[in-house]
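Position 23 of the sequence shown, counting from 1, maps to 23 under the UniProt record's numbering, and the rest follow consecutively.
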Amino acid sequence: MRTMHGSSSVTNTQITLHAEVQLLAKYPHPNVVKLLGFCWENDQFLLVYEFMPRGSLDKHLFLRGSVEALSWDIRLKIAIGTARGLAFLHSSKKSVIYRDFKTSNILLDEDYNAKLSDFGLAKFGPTEGKSHVTTRVMGTKGYAAPEYVATGHLYIKSDVYGFGVVLLELLTGRRAIDEFRPIEEVELVKWAWPYLEEKKKMMNIIDQNLENQYPMKGAWQAALLVGKCLQFDRKNRPSMEEVLETLENIKSHYNRF
1 MRTMHGSSSV TNTQITLHAE VQLLAKYPHP NVVKLLGFCW ENDQFLLVYE FMPRGSLDKH
61 LFLRGSVEAL SWDIRLKIAI GTARGLAFLH SSKKSVIYRD FKTSNILLDE DYNAKLSDFG
121 LAKFGPTEGK SHVTTRVMGT KGYAAPEYVA TGHLYIKSDV YGFGVVLLEL LTGRRAIDEF
181 RPIEEVELVK WAWPYLEEKK KMMNIIDQNL ENQYPMKGAW QAALLVGKCL QFDRKNRPSM
241 EEVLETLENI KSHYNRF
């Protein structure tokens, strides 16, 4: 359940709530969290979702000691599930740009099936003949695509960049932004980028909690995919359908330890 409190900006809260209810009602999918109901009373707004017993992905990746470390197979399963959810949103008759793809918005059920949640910032994709949607820059630092941050232009492939950041977090076990690390390691993408160029270098950034229990070829293919998703020029990024195909190929052909 998510609670939103009214304030002097009740109008903005109403808009956010309405957008989320509309999207979740119109876009049912196994990898999109199910909205069971909502309530609006006395300036309190409640959204009631299906129960996701394992909580959000960020807890499993970053709260060391409180939960068991995720295995390689589970990380790949989560990546495939979220990719499938984004691909569904992008390819729907009226496409949706998620806009705030991050680990805290990925919820896990008992079997670690991943579902996208919190659609308050989602936008419908560009109409026919247009390439982007222009909107005020919102979202979470470290996940937003460079073209969106610079111009406010939101593209379908802006989500692909965010997916690349989350996939990098799954590989490294590090946060997109971590102010507690040395200055050169605060921004995950900038720090990790040189390590994505060579297989031997890539090994140095794999999450130590995996304890070397991962397939080298599979990890390398995933790292190559991260590099493609994080391309500065959005036109050079793959579609989420292509991302999903690559991840499923990794699972089928590069997942032997």
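Note that CB positions come from ideal geometry on N, CA and C, so glycine has one too.
Between the C-alpha atoms of residue i and residue j, what's the straight-line distance to the nearest angstrom?
i: S8; j: I206; result: Unreliable placement is indicated for S8, whose pLDDT of 48 sits below 50; no coordinate value is reported for it.
i: S92; j: I156; result: 12 Å
i: N31; j: V48; result: 17 Å
i: K190; j: G125; result: 29 Å
i: L170; j: G227; result: 14 Å
i: E248; j: E41; result: 45 Å
i: G192; j: L168; result: Residue identity differs from the one stated: residue 192 is Ala in this sequence, not Gly. For A192 and L168, the distance between alpha carbons rounds to 8 Å.
i: S239; j: K130; result: 17 Å
i: K77; j: E128; result: 34 Å
i: L121; j: A114; result: 19 Å
i: E110; j: R54; result: 6 Å
i: H60; j: V67; result: 6 Å
i: E147; j: Q231; result: 11 Å
What are the boundary residues of the beta strand (DSSP E) that residue i is part of?
i: V32; result: It is not in any beta strand (DSSP E) - V32 carries neither H nor E in the DSSP assignment.
i: L230; result: L230 -> no beta strand (DSSP E), and no H or E assigned at all.
i: L107; result: I106 to L108
Using only alpha-carbon positions, find the residue among the options that is nearest to residue i.
i: T103; options: K235, F163 and S91; result: F163
i: D100; options: Y112, K94, S117 and D109; result: S117
i: H153; options: L167, K77 and V133; result: V133
i: T151; options: P238, W220, L188 and T135; result: T135
i: V137; options: L210, L76, V149 and A79; result: V149
i: K201; options: V186, Y27 and W220; result: W220
i: T172; options: S239, G139 and S71; result: S71
i: Q213; options: Q44, F119, I80 and N255; result: N255
i: L23; options: L61, S95, R75 and F45; result: S95
i: E187; options: E245, A144 and V243; result: A144
On the three-state DSSP scale, how would you describe residue i?
i: A114; result: strand
i: E50; result: coil
i: H90; result: helix
i: T134; result: strand
i: L121; result: coil
i: I206; result: coil
i: E41; result: strand
i: E68; result: coil
Within 10 angstroms of the Cβ of residue i, are there 16 or more other Cβ atoms? Answer buried if so, exposed if not.
i: N204; result: exposed
i: F88; result: buried
i: S158; result: buried
i: C39; result: exposed
i: L63; result: exposed
i: A25; result: exposed
Which residues bound the alpha helix (DSSP H) around residue i?
i: I156; result: I156 to T172
i: I250; result: M240 to H253
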